[in-house]
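This report concerns only the one structure given below.
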Amino acid sequence: MKKFLIGLLVAGLALGLSGMAMAEQLSDTQTFNFSCTVEKYIEVNPAHKTRNITTPSISPEDIYNPKSNYSFFKNSYNELYANCPFTISLAGDNGASDGLPILARNEVGPNRYGWDRLDTKLAFSYIINYPPSGGWKRITFGDNGYYGGGVKNGWSNNPYTFTEAPHDGEVGLELVSQATFLDAVPDWTKNNIWSESADASCSTAYTAWVVATYMAL
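Numbering (my numbering), first residue to last: 2 to 218.
See the structure below:
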């Protein structure tokens, strides 16, 4: 009897399974998601790795307003390439090791005293996202910073971080340099000391330098 019941159960199960049909599927979809990352990159224009800026000569021709000369250049907004936010920091010095970019020249001759200096004004203006890119931003370093004559102002806005990437990859630079005498020369009203009159520099120029460091963030 038991074998008979088991047989009926197996037969009924087989009959039920034979009555089930698989749903028909004629199509399906598959999605492919593609991605790629871009590495951070910053590079100075190879044509501008070293800038030689010569400020025109100055002359003691006016005792009240000593002549000062400017040197100015404005590039085509391709001073460097950056595709990400970045930090700019400037550091300068001269042969006298002042720790600032003061135009200086060591006196020459057996009775020399030391380094003559000129009041030096430097302004570095960096520009990103210049039109037509939109949302442009300019930052100026040292715009009001005079150096020399014992007054050693530090750089303004140094260091500075552009928190937004230059969306066209271009970073522009405008630069102004200015040189003036420390005092009115000639000055007939007092007895100058050696450091108050800059010697003529027929063969050796007054020099200083600035190193700009750009760091991708």
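C-beta: ideal position from N, C-alpha, C; glycine also.
The Cβ neighbour count for Val39, taken over all protein chains shown within 10 Å, is under 16; the residue is labelled exposed. The C-beta of Phe182 has 16 or more other C-beta atoms within 10 Å across all chains shown, which makes the residue buried. In the three-state reduction of the DSSP assignment, Ser196 falls in the helix class, which pools H, G and I. Between the segment 196-215 and the segment 87-94 there are three or more inter-stretch CB-CB distances shorter than 8 Å, so the stretches are counted as touching. Here Ala124 carries a strand assignment [DSSP, helix/strand/coil]. With distances taken between CA atoms, Tyr131 lies nearest to Ile140 out of Ala124, Ile140 and Tyr42. Secondary structure note for Phe35: it is in no beta strand (DSSP E), with a DSSP letter that is neither H nor E.
Here Tyr78 really is in contact with Gly173; their C-beta atoms are around 3 Å apart, less than 8 Å. Annotation: Ile59 to Pro111 spans about 25 Å, alpha carbon to alpha carbon. Per DSSP, the continuous beta strand (DSSP E) segment holding Ala83 begins and ends at Leu81 to Ala83.
In this structure, Tyr114 lies away from Glu171, with their beta-carbon atoms at least 8 Å apart.
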